[in-house]
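Student: Top line first, the protein sequences correspond to chains S and Z. Sequential numbering of the first sequence, starting at 657, is according to this note's numbering. Sequential numbering of the second sequence, starting at 7, is according to this note's numbering. C-beta atoms are modelled at their ideal positions from N, C-alpha and C, and glycine is treated no differently.
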Amino acid sequence: MDIKIVNTVEALLFGAGRPLRLSEIRGLLESDGLVTELSDIKKCINELEQRFNSSSLEITEVASGFRLQIKQTYSAPITHLWNERTPRISKALMETISIISYKQPVTRGDIEDIRGVSVSTQSIRSLLERNWIKVTGFKDAPGRPALYSTTKEFLDDLNLKSISELPELPEVDEGPNDQVLSEVI
Amino acid sequence: MQNTTQTQLEFPMVMGQPYETLPEDLFIPPNALELCLETFSGPMDLLLYLIKKENINILELDVSNITDQYIEYIDLMDALQFELAAEYLVMAATLAEIKSRMMLPRDKHDEEEEDPKSALIKRLQEYQRYKSASEKMALMPRVDRDFYTATAALPEIKIEKKEISITKEELASIFNEIKSRPDLKLSHQIDFEELSTQERIQIILDILSRRNVISFSKTLRKSEGRHGVVVTFLASLELAKDGHVELIQNKTEEMFLKSLRGA
Chain S
657 MDIKIVNTVE
667 ALLFGAGRPL
677 RLSEIRGLLE
687 SDGLVTELSD
697 IKKCINELEQ
707 RFNSSSLEIT
717 EVASGFRLQI
727 KQTYSAPITH
737 LWNERTPRIS
747 KALMETISII
757 SYKQPVTRGD
767 IEDIRGVSVS
777 TQSIRSLLER
787 NWIKVTGFKD
797 APGRPALYST
807 TKEFLDDLNL
817 KSISELPELP
827 EVDEGPNDQV
837 LSEVI
Chain Z
7 MQNTTQTQLE
17 FPMVMGQPYE
27 TLPEDLFIPP
37 NALELCLETF
47 SGPMDLLLYL
57 IKKENINILE
67 LDVSNITDQY
77 IEYIDLMDAL
87 QFELAAEYLV
97 MAATLAEIKS
107 RMMLPRDKHD
117 EEEEDPKSAL
127 IKRLQEYQRY
137 KSASEKMALM
147 PRVDRDFYTA
157 TAALPEIKIE
167 KKEISITKEE
177 LASIFNEIKS
187 RPDLKLSHQI
197 DFEELSTQER
207 IQIILDILSR
217 RNVISFSKTL
227 RKSEGRHGVV
237 VTFLASLELA
247 KDGHVELIQN
257 KTEEMFLKSL
267 RGA
């Protein structure tokens, strides 16, 4: 590949600050007078991946496109650097987001039914503010409750390309555990 | 030591004790009880925890035991003035209902209804699926915690926009007011009147031709300011040097010019 195109793709990924789609990269190259095919850009990315092999950087494909990130092996020092900036996610919030991601679209009531506890407005808001969930509609039920689904940003933040990459939802335990459950109660 | 082996080692001791204190593997310091509710995400979580504990020692288990444990737990939290979510009490009531039903002889009519016990089991099973899924999800690499993006992008700058509310009349009157203001910023040149020492000498000589003595201040023109004082002073010195005048000054008094020519 033309070194200029490869370098421009590298520059774009580095300067974007968000994932870029192949078509987006093509458009940006075109406005710079570089006419390419999508397959060429994919080749550029492969070439860059090889270039980054011996570095601390890598290119990953997530839901919103391709992005440059620091290899996880080199992330520990940065964790110390940004220590205060990463808010913890509570167990309750984690349960809520996992119910939304596996059962989407869901209403707050659906989440409450599974968790057996009321879901605070605060926790829904905090997921909305994180851009991890969005309102994708309203259920045709009394009160027309909002239906929540996960966003691409949520997948991006977990380094995923699609929701299907989430680990499979465990089946209902029919093993010995179940017997215990029925014996216990 | 690994967590699992620890639990196994400590387990007999825990089982040997009645559940009057908080379970040991939670290890909650008495003054940090607020952490307790965070440990459990809800009544289902607490119930699962109790069941899981019993799971290890299945032979000692029965329904009333788990109910008693749960209610003791709730009582304990209540005694420690822990503000309990209402859902915990609902669960306690559900458990108590199941327990009491088991004690009563079964009625045919009851069997047609949904058994609250199996309903609870279903709910617990369903909850457990999502609970374990959420635990897995919590361990998945997450941006800004386990990995970071590499970027040279400009930082986002948040600009707060303030709403401006104004009527068109207000706008017009403000504009008119501004237009009628004197232009305070217009630049202008300050011209100093050229004052010549020669001219001043002539003026002083003219004055002295009419009167013999004159105070220095009388030879000044106020409008000329500092510049005039300097010029007049220089003229006086010039006249004194050439022997036209005598400069007299007594202590704090001001300076007088005395004509020598007329003398």
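Closer than 6 angstroms by C-beta to S/LYS699: which residues in its own chain qualify, once you throw out the five before and the five after it? Chain order, please.
Tutor: Indexing the first sequence from 1 puts residue 699 of chain S at position 43. The answer, listed in chain order, is MET657.
Student: How would you list, in chain order, the residues of chain Z whose beta-carbon sits under 8 angstroms from the beta-carbon of S/SER731?
Tutor: Counting from 1 along the first sequence, the entry for residue 731 of chain S is found at position 75. Those within 8 angstroms of S/SER731 in chain Z are ASP152, PHE153 and TYR154.
Student: Mind checking the segment 751-763 of chain S against chain Z and listing, in chain order, the residues whose C-beta falls within less than 9 angstroms of any C-beta there?
Tutor: GLU751, THR752, ILE753, SER754, ILE755, SER757, TYR758 and LYS759
Student: Counting only Cβ-Cβ distances shorter than 7 angstroms, please list the residues of the segment 47-59 of chain Z near chain S, keeping chain order.
Tutor: Residues are counted here when their Cβ sits less than 7 angstroms from a Cβ of chain S; for the segment 47-59 of chain Z these are SER47, GLY48, PRO49, MET50 and ILE57, given in chain order.
Student: Between S/GLU717 and the rest of its own chain, which residues show a CB-CB distance below 7 angstroms, the 5 nearest in sequence each way excluded?
Tutor: Numbered from 1 along the first sequence, position 61 holds the residue referred to as residue 717 of chain S. Answer for S/GLU717: LYS817, listed in chain order.
Student: Going along chain Z, which residues have a C-beta under 7 angstroms from S/ASP813?
Tutor: Here the question's residue 813 of chain S lines up with position 157 in the first sequence. Near S/ASP813 (Cβ distances below 7 angstroms), the residues of chain Z are ARG148 and VAL149.
Student: Chain S partners of Z/ALA143, CB-CB under 8 angstroms?
Tutor: Indexing the second sequence from 1 puts residue 143 of chain Z at position 137. The sequence given here has Met at residue 143 of chain Z, not Ala. Simply MET750, ILE753, SER754, SER757, LEU814, LEU822 and PRO823.
Student: Taking 8 angstroms as the limit between beta carbons, can you name the residues of its chain near Z/LEU54, skipping five residues before and five after?
Tutor: One-based indexing of the second sequence puts residue 54 of chain Z at position 48. Result list for Z/LEU54: LEU130, TYR133, GLN134 and LYS137, in chain order.
Student: In chain Z, which residues lie less than 7 angstroms from S/SER774 when you measure between Cβ atoms?
Tutor: In the first sequence, residue 774 of chain S corresponds to position 118, counting from 1. Result: GLU93.
Student: Rounded C-beta distance between S/LEU803 and S/PHE810? I'm assuming under 8 angstroms.
Tutor: Within the first sequence, numbered from 1, the residue matching residue 803 of chain S stands at position 147. Within the first sequence, numbered from 1, the residue matching residue 810 of chain S stands at position 154. Contact doesn't hold; Cβ gap of about 16 angstroms is too wide.
Student: Could you work out which residues of chain Z lie near S/TRP738, taking near to mean beta carbons separated by less than 7 angstroms?
Tutor: Taking the first residue of the first sequence as position 1, residue 738 of chain S is located at position 82. Those are ASP150, listed as they occur along chain Z.
Student: When we look at the beta-carbon of Z/ALA158 and count the other beta-carbons within 10 Å, is it buried (16 or more) or exposed?
Tutor: Here residue 158 of chain Z refers to the residue found at position 152 when the second sequence is read from its first residue. It is exposed - the Cβ of Z/ALA158 has fewer than 16 other Cβ atoms within 10 Å.
Student: Let's test the definition: count the other Cβ atoms within 10 Å of the Cβ of Z/ARG206 and tell me whether it reaches 16, buried, or not, exposed.
Tutor: In the second sequence, counting from the first residue as 1, residue 206 of chain Z sits at position 200. Z/ARG206 is buried by the Cβ-count criterion.
Student: Taking 9 angstroms as the CB-CB cut-off, is S/GLN778 touching chain Z?
Tutor: Residue mapping note: residue 778 of chain S aligns to position 122 of the first sequence, counting from 1. No, because no Cβ of chain Z sits closer than 9 angstroms to the Cβ of S/GLN778.
Student: Would you mind sorting Z/MET109 into buried or exposed? The rule is 16 or more other CB atoms within 10 Å of its CB.
Tutor: Locating residue 109 of chain Z in the second sequence gives position 103, counting from the first residue. Classification for Z/MET109: exposed.
Student: Quick one: what does DSSP say S/LEU678 is sitting in, helix, strand or coil?
Tutor: Counting from 1 along the first sequence, the entry for residue 678 of chain S is found at position 22. S/LEU678 falls in the helix class under three-state DSSP.
Student: Starting from Z/ARG216 and walking both ways along the beta strand (DSSP E), at which residues does that stretch end?
Tutor: Here residue 216 of chain Z corresponds to residue number 210 of the second sequence, with the count starting at 1. It is not in any beta strand (DSSP E) - Z/ARG216 instead sits in the alpha helix (DSSP H) that spans 203-216.
Student: How is the beta strand (DSSP E) around S/GLY793 delimited, first residue to last?
Tutor: Counting from one through the first sequence, the residue named residue 793 of chain S turns up at place 137. From DSSP, the beta strand (DSSP E) with S/GLY793 extends over 789-794.
Student: List the residues that DSSP assigns as beta-bridge partners of S/ALA802.
Tutor: Numbered from 1 along the first sequence, position 146 holds the residue referred to as residue 802 of chain S. Partner(s): S/PHE794.
Student: Less than 9 angstroms between CB atoms is the rule here; does Z/ALA38 satisfy it with respect to chain S?
Tutor: Indexing the second sequence from 1 puts residue 38 of chain Z at position 32. With a pLDDT of only 46 at Z/ALA38, under 50, the local geometry of the prediction cannot be trusted, and the value read off the model is given with reservation. Output row for Z/ALA38: interface = no.
Student: Kindly give me the distance between the Cβ atoms of S/PRO761 and S/THR792, rounded to whole angstroms, as I take these residues to be in contact under 8 angstroms.
Tutor: By one-based count along the first sequence, residue 761 of chain S stands at place 105. By one-based count along the first sequence, residue 792 of chain S stands at place 136. Their Cβ separation, rounded to whole angstroms, is 5 angstroms, which keeps S/PRO761 and S/THR792 in contact under 8 angstroms.
Student: On the DSSP letters alone, give me the boundaries of the alpha helix (DSSP H) that Z/LYS185 sits inside.
Tutor: As a first step, residue 185 of chain Z must be located in the second sequence, where it is residue number 179. 174-185 is the span of the alpha helix (DSSP H), which, as asked, contains Z/LYS185.
Student: Report the rounded CA-to-CA distance for S/ARG674 versus Z/TYR154, giving the unit in angstroms.
Tutor: Residue mapping note: residue 674 of chain S aligns to position 18 of the first sequence, counting from 1. Residue mapping note: residue 154 of chain Z aligns to position 148 of the second sequence, counting from 1. Cα to Cα, S/ARG674 sits roughly 12 angstroms from Z/TYR154.
Student: Let me see if you follow: with CB-CB separation under 9 angstroms, is Z/LYS137 close to chain S or not?
Tutor: Translated into the one-based positions of the second sequence, residue 137 of chain Z becomes position 131. Yes, Z/LYS137 counts as interfacial toward chain S.
Student: For the putative contact between S/PHE670 and S/LEU704, defined by C-beta atoms under 8 angstroms, what is the C-beta separation to the nearest angstrom?
Tutor: Within the first sequence, residue 670 of chain S is the residue found at index 14, counting from 1. Within the first sequence, residue 704 of chain S is the residue found at index 48, counting from 1. Not confirmed; about 10 angstroms, so no contact.
Student: Here's a check: name, in chain order, each residue in its chain whose Cβ is nearer than 7 angstroms to the Cβ of Z/GLU244, leaving out the five neighbours to either side.
Tutor: On the second sequence, position 238 is the one that residue 244 of chain Z refers to. Counting only Cβ-Cβ distances below 7 angstroms, and skipping sequence neighbours, we find THR203 and ILE207.
Student: Classify S/GLY721 as helix, strand or coil using the three-state DSSP reduction.
Tutor: Working through the first sequence from its first residue, we reach residue 721 of chain S at position 65. Three-state result, S/GLY721: strand.
Student: Which class does Z/LYS264 belong to by DSSP, given the choice of helix, strand or coil?
Tutor: What you label residue 264 of chain Z is simply residue 258 of the second sequence in a count that begins at 1. Three-state DSSP puts Z/LYS264 in a strand.
Student: Work out the CA separation of Z/TYR76 and Z/ALA99 for me, nearest whole Å.
Tutor: For the purposes of this step, residue 99 of chain Z is taken as residue 93 along the second sequence, with counting starting at 1. For the purposes of this step, residue 76 of chain Z is taken as residue 70 along the second sequence, with counting starting at 1. About 11 angstroms.
Student: Leaving out five residues before and five after Z/ASP222 in sequence, what residues of the same chain have Cβ atoms less than 8 angstroms from its Cβ?
Tutor: By 1-based counting over the second sequence, the position of residue 222 of chain Z is 216. According to the sequence provided, residue 222 of chain Z is Phe. The question's Asp does not apply to it. Once the five neighbours on either side are set aside, the close Cβ partners of Z/PHE222 are THR238, PHE239, SER242, GLU260, MET261, PHE262 and LEU263.
Student: Which residue from Z/SER215, Z/ARG148, Z/VAL236 and Z/ILE170 puts its Cα closest to that of S/ASP813?
Tutor: Position 157 of the first sequence holds residue 813 of chain S. Cα-wise, what sits closest to S/ASP813 is Z/ARG148.
Student: Per DSSP, Z/SER221 is paired with what?
Tutor: Along the second sequence, read from residue 1 onward, the residue named residue 221 of chain Z stands at position 215. BP columns for Z/SER221 point to Z/PHE262.
Student: Between the segment 187-194 of chain Z and the segment 209-227 of chain Z, do at least 3 Cβ pairs fall closer than 8 angstroms?
Tutor: no
Student: Of all the CB atoms in chain Z, is at least one closer than 9 angstroms to the CB of S/ASP802?
Tutor: Here the question's residue 802 of chain S lines up with position 146 in the first sequence. Checking the displayed sequence, the identity of residue 802 of chain S turns out to be Ala instead of Asp. By this cut-off, S/ALA802 is not an interface position.
Student: Taking the straight line between their C-alpha atoms, what separation do you get for Z/LEU126 and Z/MET83?
Tutor: Position 120 of the second sequence, counted from the first residue, corresponds to residue 126 of chain Z. Position 77 of the second sequence, counted from the first residue, corresponds to residue 83 of chain Z. Computed Cα separation, rounded: 23 angstroms.
Student: From the DSSP secondary-structure annotation, give me the bridge partner or partners of S/THR777.
Tutor: Against the first sequence, residue 777 of chain S aligns to sequence position 121. Answer is none; S/THR777 lacks a bridge partner.
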